[in-house]
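Each residue of the sequence shown is one higher than the one before, counting from 30 in the working numbering. Cβ atoms here follow ideal geometry from the backbone N, Cα and C, with glycine treated the same way. Note that the structure is predicted; figures quoted are calculated from it, not measured. Here is the structure we will look at.
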Amino acid sequence: MVVPPPAIVGALLVLAWLLDLAFPLPLAAPLRLAGLIVMGLGVALAGWALALMLRARTDPRPDRPDRVLIESGPFRSSRNPIYLGFLVFSAGLALRWGSLWGWLAVALAFLALDRLVVPREERYLRRRFGAAYEAYAARVRRWI
30 MVVPPPAIVG ALLVLAWLLD LAFPLPLAAP LRLAGLIVMG LGVALAGWAL ALMLRARTDP
90 RPDRPDRVLI ESGPFRSSRN PIYLGFLVFS AGLALRWGSL WGWLAVALAF LALDRLVVPR
150 EERYLRRRFG AAYEAYAARV RRWI
């Protein structure tokens with residue numbers, strides 16, 4: 030990957046924050062506590078998936094080779110729980126901000142991950158793990 034996925038999501042969130050400072054687009058009252066809870070859920074989900082990868086001695090960075098195909102924990106429900114955690118965290122920020130810019134950042138982050146990042150990773154995983162990945166992909170949805 031030319032740009033790491035966390036940098037893509039982070040850049041979109043920073044851009045949304047800056048745009049909101051310059052051109053506020055209030056959508057609803059900020060839900061600070063709810064947003065904080067949702068942000069925490071996103072961090073917990075990504076952290077859980079990351080911990081499983083590290084325990085399996087698989088480097089979570091998308092530019093590094095995978096040692097094993099992990100199918101337990103959050104990987105039972107999502108093929109991309111770390112990226113899903115990023116999106117949940119982003120949705121928590123959008124709730125806290127109460128701005129349309131935050132939700133646009135969430136939507137653009139989803140599109141960037143779903144169209145640019147995940148398909149490349151899936152092609153790699155198909156080559157690396159073959160039939161095992163095909164069976165996993167048939168059982169587990171890309172997101173949720």
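Would a C-beta distance cut-off of 8 Å place residue i and residue j closer than the cut-off?
i, j, result
"residue 114", "residue 78", "yes"
"residue 72", "residue 109", "no"
"residue 150", "residue 91", "yes"
"residue 137", "residue 48", "no"
"residue 169", "residue 101", "no"
Would you decide whether residue i is buried or exposed? Buried here means 16 or more other CB atoms lie within 10 Å of its CB.
i, result
"residue 53", "exposed"
"residue 164", "exposed"
"residue 35", "exposed"
I need the boundaries of the alpha helix (DSSP H) containing residue i, first residue and last residue.
i, result
"residue 66", "61 to 84"
"residue 100", "From DSSP, residue 100 is part of no alpha helix (DSSP H); its letter is neither H nor E."
"residue 52", "It is not in any alpha helix (DSSP H) - residue 52 carries neither H nor E in the DSSP assignment."
"residue 135", "129 to 141"
"residue 168", "160 to 168"
"residue 117", "110 to 126"
Quick one: residues in its chain with C-beta nearer than 7 Å to the C-beta of residue i, no 5 flanking neighbours on either side, listed in chain order?
i, result
"residue 70", "117"
"residue 99", "81, 82, 85, 87"
"residue 58", "127"
Does the distance between the C-beta of residue i and the nearest non-hydrogen atom of the ligand ZN fall short of 7 Å?
i, result
"residue 119", "Only the bare structure without any ligand can be found here, which leaves the ligand ZN out of the picture."
Among the residues of its own chain, which have a CB less than 6 Å from the CB of residue i, if the five just before and after it don't count?
i, result
"residue 141", "37"
"residue 96", "86, 87"
Using a Cβ-Cβ cutoff of less than 8 Å, which residues in the same chain neighbour residue i once the five nearest sequence positions on both sides are dropped?
i, result
"residue 207", "There is no way to answer for residue 207, as the model of the chain reaches only from 30 to 173."
"residue 60", "124, 125, 127"
"residue 66", "121"
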